[in-house]
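Notes to accompany the following structure.
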Amino acid sequence: RWRARTAGAAAVPAPRELALLPAGAVARRRGGCRHAASVTLTERRLKEFMQAEIGYFAGMSAQPVELTHIFKASTPELAAELILRQLPIHFATRIKHIEALCEWWSVPELVQVRNTLAESFQKLRLLETFAANLEPLTLVIHDLRQRHKAIVPLLGVAMGDLRHRGLVSEADGNKWLDAFLLARISTEMCTLHYIMMLKAGQETQAGRRGIIDPKCDPSEICRQAVVNVQRDPRYRTVPMPVESFVSPSAEKGIEFSFLPQYLLMIVEELIKNSACASVMRTERDSRTSRPKGSPGSGEYPPVRVFVGADDTQVMIEVSDKGGGITSKNFDSIWSYSSTQAPSSGGPGASSTAEERLGMSWADPLSGLGIKQRLGMGLPLTRLYTQYLGGSLELMSIPGVGVDTFINLKRIDPDEIRARSPPTAAKD
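Here my numbering runs 3 ahead of the position in the sequence shown, where the first position is 1.
What follows is the structure in structure tokens.
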């Protein structure tokens, strides 16, 4: 559909064709290349045209990319179709979401995020892709994922700036970020699913495809999360036992069809939070004489992880004795600006505002170091859990500790594919 030209110009479909061509559909061909009527535009005119396209696509009904859509994209070609159909609309919608903020143009971080999304939108729209050759799309997706790593930290800085200047309240800022980041989660999962589908050897044991593992073991995920958290010297000596149970009446085992990378990320964040609470309580009470083994005695109270399952759901509980959360501070734990993690200087050490911001906002999938990677925060953790069809709830007993519960529904990929409409015949 799109044919790039050299010498600072590009060929794009004539504007009247915009509404006639299916947005982002993968073109299938037989024998030769399908050509669309095109006009040659300078870089300036191309920029103007792309701005018009952003407005056009933002006006479309942006349907959320649900988890079932990713399950149905069971081949690289289907995943490519999903990306090319949905991502331009979602990127355009997010650009307009930014432009709706008061004085967004005065915040350099928001301008950078907006330009990053605009660049990704343009690269997808200028892409000529055929089912027989997905390499151009693959290169664009790798580039897109690399550039988008900075988005979450940039949004954290930007929202802090807007709040400091009184341009947005904490409640409105949280609401805006919820909408933006929930949409980002879905598109991020689409691109990761596509990349993993292309990797050799993905369709092997137990039929694993892309980011979906039909035999995901939540107890093993929890044990791996413990290993990851204990790599941080701050939490290395905090006991973290994991116990798993299956209902006696259940016909299925504890394994279920799920996305192990994301479940690991969620559990890791919750265990880290509880370990942090245990460390902070022990350090806070270290000057007090306590019986051996009690909080404050120099021995960290354990963080216990329980995994339970029946035929319809899998539940994970992370329980600590870190002192709990007071009723006064409970609501603030769901604020994106809140972080209580100790700095890398050691348990209980104070961190600078810059360190806290980095820990609270670093993208958990960006490949950063463990300190930043473990800082996605409870609000983003809850968003991921909700997107995956689950729920995340906290119960705090002030002076005692916090119990965090993840409830996940079992997903049957065969049932999802059975409900899928038959695909159209290829050319």
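Quick reminder that beta carbons are idealized off the backbone N, C-alpha and C, glycines included.
Coarse secondary structure for residue i, derived from DSSP in three states
i           : result
residue 126 : helix
residue 412 : strand
residue 216 : strand
residue 239 : coil
residue 316 : strand
residue 335 : helix
residue 404 : strand
residue 287 : helix
residue 78  : coil
residue 142 : helix
residue 246 : strand
residue 323 : coil
residue 329 : coil
residue 137 : coil
residue 393 : coil
residue 398 : strand
residue 385 : helix
residue 172 : coil
residue 307 : strand
residue 1   : The shown model of the chain, from 4 to 430, leaves out residue 1, and the question about it has no answer.
residue 165 : helix
residue 104 : coil
Integer-rounded CB distance, given that residue j should sit under 8 Å from residue i
i           : j           : result
residue 404 : residue 324 : 4 Å
residue 107 : residue 101 : 5 Å
residue 184 : residue 397 : Actually they do not touch by this definition, with Cβ atoms about 19 Å apart.
residue 282 : residue 238 : 7 Å
residue 262 : residue 328 : Rounded, the Cβ-Cβ distance is 29 Å, inconsistent with contact.
residue 3   : residue 192 : Residue coverage of the chain in this structure runs from 4 to 430, which leaves residue 3 outside it and unanswerable.
residue 151 : residue 119 : 6 Å
Nearest neighbour of residue i, chosen from the options [CA to CA]
i           : options            : result
residue 253 : 100, 306, 311      : 311
residue 155 : 237, 339, 414, 391 : 339
residue 305 : 85, 139, 244       : 244
residue 269 : 394, 190, 287, 177 : 394
residue 44  : 195, 129, 69       : 129
residue 232 : 110, 49, 277       : 277
residue 332 : 401, 64, 193       : 401
residue 225 : 271, 71, 409       : 271
residue 126 : 143, 117, 116      : 143
residue 242 : 214, 187, 263, 279 : 279
residue 71  : 329, 390, 409      : 390
residue 274 : 249, 289, 321      : 321
residue 264 : 177, 388, 48, 336  : 388
residue 148 : 167, 122, 302      : 122
residue 178 : 236, 410, 383      : 383
residue 182 : 213, 163, 65       : 65
residue 87  : 194, 48, 168, 175  : 194
Same chain only: Cβ atoms within 7 Å of residue i, ignoring 5 sequence neighbours per side
i           : result
residue 220 : 257, 258
residue 79  : 137, 197, 200, 201
residue 67  : 189
residue 227 : 267
residue 255 : 314
residue 406 : 320, 322, 398
residue 240 : 303
Same chain only: Cβ atoms within 6 Å of residue i, ignoring 5 sequence neighbours per side
i           : result
residue 412 : 316, 392
residue 414 : 260
residue 76  : 82, 85
residue 161 : 110, 112, 113
residue 60  : 91, 92, 95
residue 34  : With a pLDDT of only 38 at residue 34, under the threshold of 50, the placement of this residue in the model should not be trusted, and no figure is reported.
residue 180 : 339
residue 246 : 309
residue 53  : 125
residue 207 : Any reading at residue 207 must be qualified, since the residue scores a pLDDT of 47, below 50, and its modelled position is unreliable; the value itself is stated next. So no residue of the chain qualifies.
Nonlocal neighbours in the same chain, by C-beta distance under 8 Å from residue i, ignoring five residues either side
i           : result
residue 105 : 165, 170, 171
residue 115 : 153, 157
residue 117 : 98, 101, 102, 107
CB contact check: residue i to chain B, cutoff 8 Å
i           : result
residue 280 : Here chain B cannot be found, since the structure has a single protein chain.
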